[in-house]
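Beneath this line is the structure, given in structure tokens, with notes to follow.
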Amino acid sequence: MTERYAMYIDASKCMGCRGCQVACKQWNDLQGFVPGVRETKNTGSYENPLSLDPQTWTRIKFSEYDNPDRFQWLFLKEGCMHCTDAACVDVCPTGALKHGPYGIVTFERDLCNGCGYCSQFCPFGIPKLEIINSVTGEAKSSKCVFCQDRTVNGLTPACVKTCPAAALEWGPRDAMVAKAELRVSELKAKLGFPEARVYGKTELGGLGRIYVLTAPASEYGLPENPRYPALGTVWQKILQPVGQIAFGAVIVGALGAFFVARRNVVMEEVE
Amino acid sequence: MTNHWVDLKNSDAILIAGSNAAENHPASMTWINKARDERGAKLIVVDPRFTRSAAKADIYLPLRSGTDIAFWGGLMKYVIDNNLYHEEYVVHFTNAATLINADFEDTEDGDLGLFSGFMDDDGDGYGSYDRKTWSYQTDADGNALRDETLQDPNCVFQLLKKHYQRYDLDMVAGVMGCSKAKLEEVYAAYAATGQPDKTGTIMYAMGQTQHTVGSQNVRCMAMVQLLLGNIGRPGGGVNALRGESNVQGSTDFALLAHLIPGYMAVPRAGDHPNLQAYIDVETPKTSYWSNKPKFLVSLLKAWWGEHATAENDFAYDYLPKVESAGNHYWISLFEAMHAGTIKGAWLLGQNPAVGGPNARFEKEALEQLDWIVIQEIFQTETVGFWREPGKDPLKIKTEMFVLPAADAMEKEGSIDTSGRLIQWRPKVAEAVGEALPDHDIIYLIGRKLKEMYEQDPGPYADPIKHLAWEYGGGPVHPVIGEMVDIEKVAVEVNGVAVEDVLDADGNVLAKKGDMLKTFGHLQADGKTACGNWIYVGYYYPMSDGEGNTLPASKRRGQKDPGGLGIYPYYAYSWPLNRRIIYNRASADSKGNPWPGGRELIWWDGAKWTGYDVPDFVVTKGPDQPGFNDPFIMQRDGKGGLFAAMVEGPFPTHYEPVESPTTNAFYPERNINPCVKVWRTKEGEDVGNTYGDPAKFPIVATTYRVVEHWQAGGMSRWLEWLVEAQPEMFVEMSEQLAAEKGIKAGDRLKVTSARGAIEAVAIVTKRFQPFTVNGKTVHQVGMPWHFGWGGGGPDEALGKGDTANHLTPHVGDANTTIPEYKAFLVNVEKA
Numbered sequence: 011m012t013e014r015y016a017m018y019i020d021a022s023k024c025m026g027c028r029g030c031q032v033a034c035k036q037w038n039d040l041q042g043f044v045p046g047v048r049e050t051k052n053t054g055s056y057e058n059p060l061s062l063d064p065q066t067w068t069r070i071k072f073s074e075y076d077n078p079d080r081f082q083w084l085f086l087k088e089g090c091m092h093c094t095d096a097a098c099v100d101v102c103p104t105g106a107l108k109h110g111p112y113g114i115v116t117f118e119r120d121l122c123n124g125c126g127y128c129s130q131f132c133p134f135g136i137p138k139l140e141i142i143n144s145v146t147g148e149a150k151s152s153k154c155v156f157c158q159d160r161t162v163n164g165l166t167p168a169c170v171k172t173c174p175a176a177a178l179e180w181g182p183r184d185a186m187v188a189k190a191e192l193r194v195s196e197l198k199a200k201l202g203f204p205e206a207r208v209y210g211k212t213e214l215g216g217l218g219r220i221y222v223l224t225a226p227a228s229e230y231g232l233p234e235n236p237r238y239p240a241l242g243t244v245w246q247k248i249l250q251p252v253g254q255i256a257f258g259a260v261i262v263g264a265l266g267a268f269f270v271a272r273r274n275v276v277m278e279e280v281e
Numbered sequence: 033m034t035n036h037w038v039d040l041k042n043s044d045a046i047l048i049a050g051s052n053a054a055e056n057h058p059a060s061m062t063w064i065n066k067a068r069d070e071r072g073a074k075l076i077v078v079d080p081r082f083t084r085s086a087a088k089a090d091i092y093l094p095l096r097s098g099t100d101i102a103f104w105g106g107l108m109k110y111v112i113d114n115n116l117y118h119e120e121y122v123v124h125f126t127n128a129a130t131l132i133n134a135d136f137e138d139t140e141d142g143d144l145g146l147f148s149g150f151m152d153d154d155g156d157g158y159g160s161y162d163r164k165t166w167s168y169q170t171d172a173d174g175n176a177l178r179d180e181t182l183q184d185p186n187c188v189f190q191l192l193k194k195h196y197q198r199y200d201l202d203m204v205a206g207v208m209g210c211s212k213a214k215l216e217e218v219y220a221a222y223a224a225t226g227q228p229d230k231t232g233t234i235m236y237a238m239g240q241t242q243h244t245v246g247s248q249n250v251r252c253m254a255m256v257q258l259l260l261g262n263i264g265r266p267g268g269g270v271n272a273l274r275g276e277s278n279v280q281g282s283t284d285f286a287l288l289a290h291l292i293p294g295y296m297a298v299p300r301a302g303d304h305p306n307l308q309a310y311i312d313v314e315t316p317k318t319s320y321w322s323n324k325p326k327f328l329v330s331l332l333k334a335w336w337g338e339h340a341t342a343e344n345d346f347a348y349d350y351l352p353k354v355e356s357a358g359n360h361y362w363i364s365l366f367e368a369m370h371a372g373t374i375k376g377a378w379l380l381g382q383n384p385a386v387g388g389p390n391a392r393f394e395k396e397a398l399e400q401l402d403w404i405v406i407q408e409i410f411q412t413e414t415v416g417f418w419r420e421p422g423k424d425p426l427k428i429k430t431e432m433f434v435l436p437a438a439d440a441m442e443k444e445g446s447i448d449t450s451g452r453l454i455q456w457r458p459k460v461a462e463a464v465g466e467a468l469p470d471h472d473i474i475y476l477i478g479r480k481l482k483e484m485y486e487q488d489p490g491p492y493a494d495p496i497k498h499l500a501w502e503y504g505g506g507p508v509h510p511v512i513g514e515m516v517d518i519e520k521v522a523v524e525v526n527g528v529a530v531e532d533v534l535d536a537d538g539n540v541l542a543k544k545g546d547m548l549k550t551f552g553h554l555q556a557d558g559k560t561a562c563g564n565w566i567y568v569g570y571y572y573p574m575s576d577g578e579g580n581t582l583p584a585s586k587r588r589g590q591k592d593p594g595g596l597g598i599y600p601y602y603a604y605s606w607p608l609n610r611r612i613i614y615n616r617a618s619a620d621s622k623g624n625p626w627p628g629g630r631e632l633i634w635w636d637g638a639k640w641t642g643y644d645v646p647d648f649v650v651t652k653g654p655d656q657p658g659f660n661d662p663f664i665m666q667r668d669g670k671g672g673l674f675a676a677m678v679e680g681p682f683p684t685h686y687e688p689v690e691s692p693t694t695n696a697f698y699p700e701r702n703i704n705p706c707v708k709v710w711r712t713k714e715g716e717d718v719g720n721t722y723g724d725p726a727k728f729p730i731v732a733t734t735y736r737v738v739e740h741w742q743a744g745g746m747s748r749w750l751e752w753l754v755e756a757q758p759e760m761f762v763e764m765s766e767q768l769a770a771e772k773g774i775k776a777g778d779r780l781k782v783t784s785a786r787g788a789i790e791a792v793a794i795v796t797k798r799f800q801p802f803t804v805n806g807k808t809v810h811q812v813g814m815p816w817h818f819g820w821g822g823g824g825p826d827e828a829l830g831k832g833d834t835a836n837h838l839t840p841h842v843g844d845a846n847t848t849i850p851e852y853k854a855f856l857v858n859v860e861k862a
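Set out below in structure tokens:
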């Protein structure tokens with residue numbers, strides 16, 4: 011499980027059926043439409059829910075690309091990108107988010123303190139905070155973990171298993187990248203998609219999702235050039251270490267003060 | 033389907049017309065993608081809007097709902113004019129060369145828009161045809177006269193050419209409302225499959241059938257495929273995408289008004305007063321149907337067992353007889369319910385309150401019933417029809433009996449897929465509460481009826497008392513006792529030898545008590561009993577190719593000799609495990625496979641052999657009559673380019689009953705002249721009223737979405753599906769939205785002459801306005817899955833207004849399938 015794995019996602023084969031969206035909820039015991047609790051409405055699109063949320067770890071985004079040469083109806087499977095340079099891992103103060111087996115960005119819910127930094131710093135806006143106690147404000151983060159309980163046991167993520175279009179695959183990352191590049195060249199040469207491209211090969215050190223797109227990333231609602239957050243760099247490289255030192259210094263200082271003060275007191279009493 | 037799902041991978045061109053495979057049969061994309069990835073096949077989608085299937089297609093062509101015959105007729109003209117038809121196939125395997133009665137008149141002759149023989153006794157413009165002049169010219173022995181040069185002006189080929197002579201690109205594009213260039217691109221791409229080494233497949237569904245010309249739409253597809261030489265060949269065929277996992281099974285078993293199991297005619301009081309009359313009228317002298325008496329007598333023997341004997345005509349007189357099947361189709365039944373003629377209804381697994389045409393009228397019909405028994409899994413809108421908001425339960429006298437039913441996973445049995453593949457499936461879950469499988473419910477009711485008729489016979493108890501109804505011996509239920517042993521049903525359907533079955537030389541073909549292996553062993557003298565002749569063999573023990581022998585439909589053998597996706601050891605397809613029917617046509621007129629590398633069966637000098645079971649007499653060689661007659665169910669063995677249907681032997685473009693325009697081909701004949709147009713309570717709030725295009729100028733269609741299932745019973749109660757697709761919506765073009773000041777997400781009112789509903793607006797580029805005969809015509813579309821919820825604590829999670837409040841109570845002239853797919857509406861902000 012030390013080999014890096016990735017999810018191949020071929021948007022040219024995807025039919026937007028939402029099988030992946032539902033399989034994820036079924037496997038991970040997540041909620042759908044619950045009257046009075048979680049209700050979706052049609053806002054003029056097939057897209058629902060309108061964003062990832064604590065009960066929705068993957069979903070399909072719909073967009074229409076009005077290219078005069080070829081109109082396209084685009085379907086994008088959205089979810090945690092499992093970045094190599096994962097800002098969420100770097101800013102997480104408790105270590106709840108880590109790189110785990112197969113390079114999956116894993117999430118240990120028990121360790122999560124609900125600070126929300128992961129949510130703030132993710133270039134894709136993926137992790138979503140769930141308030142689990144409205145009185146105390148206790149919260150937990152949530153996101154796709156590539157079905158860690160399935161994948162470490164040699165199975166594929168639930169979405170990959172269910173996809174009827176065979177648009178998804180789970181395998182060694184190099185092989186998934188090679189597969190994507192082959193598909194893109196096919197799309198360009200034989201299938202009339204001159205704007206086809208791979209997304210995820212090098213972004214943020216390389217993503218754990220390798221997309222085959224038939225249109226520019228921005229048409230799918232993906233950032234063309236996702237960058238590691240500058241503030242995150244400051245946080246990770248400067249403030250956190252300083253904070254840790256400062257925190258440590260405070261402890262040392264407090265302890266030192268205690269012992270010093272205590273010695274003074276005793277000496278006075280004796281006399 | 034004439035072919036099957038896996039076979040799609042063998043195609044060179046896949047034409048999706050009147051269906052949306054990516055949406056509603058997503059698993060089929062596996063095979064379509066294989067054809068594209070491995071053979072370079074082209075995917076073409078023809079649809080009023082850019083669907084999920086269109087999103088995956090190489091070519092997309094929009095068409096105005098209800099103009100399919102214009103599209104197909106234009107394709108046929110294009111194929112003929114450009115000599116793209118598969119000549120050897122057409123000459124030898126179809127009736128193109130057959131000469132038609134010289135008195136036959138086409139819609140292009142004489143009375144424009146009508147064929148010869150039209151009878152309209154009451155002068156209201158609608159009627160039927162006397163088909164006398166539609167006959168073949170024959171010699172003294174009754175054999176059809178043929179001209180294989182295809183030149184004789186009375187030969188079918190020339191008549192076909194004349195019938196579609198005005199379906200040129202301009203005319204067709206004008207009627208459909210599409211671009212001429214795109215139309216030609218589609219024609220050229222698909223017509224390329226007329227080459228002998230190429231095949232193309234047509235995938236269709238309700239978009240073709242749910243019209244007043246639905247049957248003729250399907251005829252068109254058959255004709256196109258015959259002209260291009262695509263029937264009976266891998267990657268070809270006329271392929272219906274059935275709408276439920278076992279609806280093919282339901283039609284096999286005649287859950288249809290006009291049939292009895294195995295696609296035989298329902299007995300009619302006038303034509304079939306006794307067994308001999310039925311046999312005489314219904315049995316042709318030629319074709320495999322000449323064996324019909326064996327199928328019928330075996331069926332009667334299965335139903336009445338020891339009480340069906342030669343002495344009583346095998347209990348034929350026990351069969352109820354209709355005056356006309358037309359009185360018993362869906363629309364007719366609801367008209368009869370509405371009129372109070374029908375007193376009670378037993379509804380099994382259906383939700384007419386949501387799925388029925390002119391649903392407000394149909395709900396009013398339900399209110400007239402004295403009683404309804406409904407077998408259902410969920411508390412649907414039909415279960416709760418009496419408590420719909422706006423209805424006063426105190427005024428509705430209907431007594432409701434709700435029988436909770438087990439769902440598909442909670443019972444054992446077989447299903448038959450679109451590809452005629454019969455798969456036996458085990459039970460994998462327990463039903464909740466008191467729910468029972470349908471077969472147990474029906475068995476219990478039958479058993480109780482027999483008891484009651486024993487005690488209180490009444491005027492004619494024998495048909496019930498004498499029913500062979502011994503299906504018990506299954507699991508013991510704590511309350512109802514012994515349940516059905518489903519294997520007994522399976523064996524009966526498969527067919528058994530009641531006595532030893534012998535061949536002409538006295539050899540035993542099947543021993544008394546044994547199951548039958550082939551319908552070739554069925555007898556007309558009572559020695560065999562069989563619940564459905566096309567299913568013979570499906571429960572017979574057969575090899576799975578891997579060393580196991582088990583009932584054929586339970587097999588899951590993985591071997592695929594020939595690599596064409598036949599998988600002969602996987603389950604069982606009817607008839608006789610043939611996977612591609614009419615497969616004689618996969619070889620040329622000498623018996624050699626057509627070129628192109630998809631050899632299926634061939635004549636090896638002594639017999640027909642290959643990778644599929646030959647749909648042909650295995651020993652029939654080139655020196656025998658009928659060697660070139662692959663269409664064994666037709667009297668002349670030829671594919672019917674010319675074939676009689678209610679409204680004519682050739683499909684003709686007529687507009688839908690509600691249309692925004694006149695028929696450009698025949699302005700005096702706007703709609704199908706043989707359609708029954710119901711006018712019950714015309715003009716009233718709830719009734720059969722038809723919309724004036726001045727008031728309702730927008731064409732509307734209804735369809736399904738992948739997230740929901742039919743009338744919503746199986747999906748609107750599930751939180752993950754409802755979350756993904758929570759509300760009723762209507763899709764429209766940006767241009768129409770701009771005209772009406774509508775934005776995406778607005779709540780709209782959609783009205784027709786029959787009702788008004790609310791829906792959320794989806795404004796999209798995937799609908800574009802049509803230019804029809806010079807005018808701009810807008811079209812909208814909506815899903816028909818939604819209903820008000822059913823009421824009560826267990827009502828649906830997903831609720832919305834019902835599209836079928838808008839649809840008309842009118843249907844196809846042959847089958848009366850409702851015209852759900854093309855009608856008129858108006859839209860405005862709510």
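If you're matching them up, the sequences are chains A and B in order. With our numbering applied, the first sequence corresponds to residues 11 to 281, in that order. With our numbering applied, the second sequence corresponds to residues 33 to 862, in that order. C-beta atoms are modelled at their ideal positions from N, C-alpha and C, and glycine is treated no differently.
| Check | Outcome |
| --- | --- |
| Residues that T796 of chain B contacts on chain D, provided the C-beta gap is smaller than 7 Å | Included in the structure are the protein chains A and B, with no chain D among them. |
| The segment 86 to 100 of chain A in contact with the segment 219 to 238 of chain A per 3-pair CB rule at 8 Å | yes |
| I473 of chain B burial status per 10 Å Cβ neighbour count (16 or more: buried) | buried |
| Extent of the continuous beta strand (DSSP E) to which I19 of chain A belongs | 15 to 20 |
| S446 of chain B - partner residues in DSSP beta bridges | B:W456 |
| Option nearest A225 of chain A by Cα separation, candidates A:G215, A:E213, A:G218, A:P204 | A:P204 |
| Close beta carbons around F346 of chain B, own chain, < 7 Å, minus the five adjacent residues each side | L307, V329, L332, K333, A340, G558 |
| Short CB-CB distance (under 9 Å) between F393 of chain B and chain A | no |
| In chain order, each alpha helix (DSSP H) run of at least 4 residues that lies wholly inside the segment 589 to 658 of chain B | none |
| Rounded distance between the beta-carbons of S450 of chain B and T231 of chain B, thought under 8 Å | So it is not a contact: roughly 18 Å between Cβ atoms. |
| One or two residues paired with C187 of chain B in a DSSP bridge | B:L131 |
| Option in A:A227, A:S228, A:L223, A:D63 with minimal Cα separation from K88 of chain B | A:L223 |
| Beta-carbon proximity of P654 of chain B to K622 of chain B, cut-off 9 Å | yes |
| Residue burial classification, K807 of chain B (beta-carbon count within 10 angstroms, cutoff 16) | exposed |
| Outcome for D100 of chain B when other beta-carbon atoms lying within 10 angstroms are tallied against a minimum of 16 | buried |
| Near-chain A residues of the segment 735 to 765 of chain B (beta-carbon distance less than 9 Å), N- to C-terminal order | V737, V738, E739, L750, E751, W752, L753, V754, E755, A756, Q757, P758, E759, M760, F761 |
| CA nearest to the CA of W336 of chain B, picked from B:V707, B:I849, B:A561, B:P266 | B:A561 |
| Beta-carbon neighbours of G261 of chain B, restricted to chain A and to distances below 9 Å | Residues of chain A passing the Cβ test: none, with the nearest at roughly 26 Å. |
| Nearest candidate by alpha-carbon position, reference Q240 of chain B, set B:A357, B:L47, B:G226 | B:L47 |
| Contact under 9 Å by Cβ, S148 of chain B with G157 of chain B | no |
| With 16 other Cβ atoms within 10 Å as the buried cut-off, status of Q183 of chain B | exposed |
| Meets three-Cβ-pair contact criterion under 8 Å: the segment 344 to 358 of chain B and the segment 296 to 306 of chain B | yes |
| Whole-Å CB distance - D152 of chain B paired with G159 of chain B, under 8 Å assumed | 4 Å |
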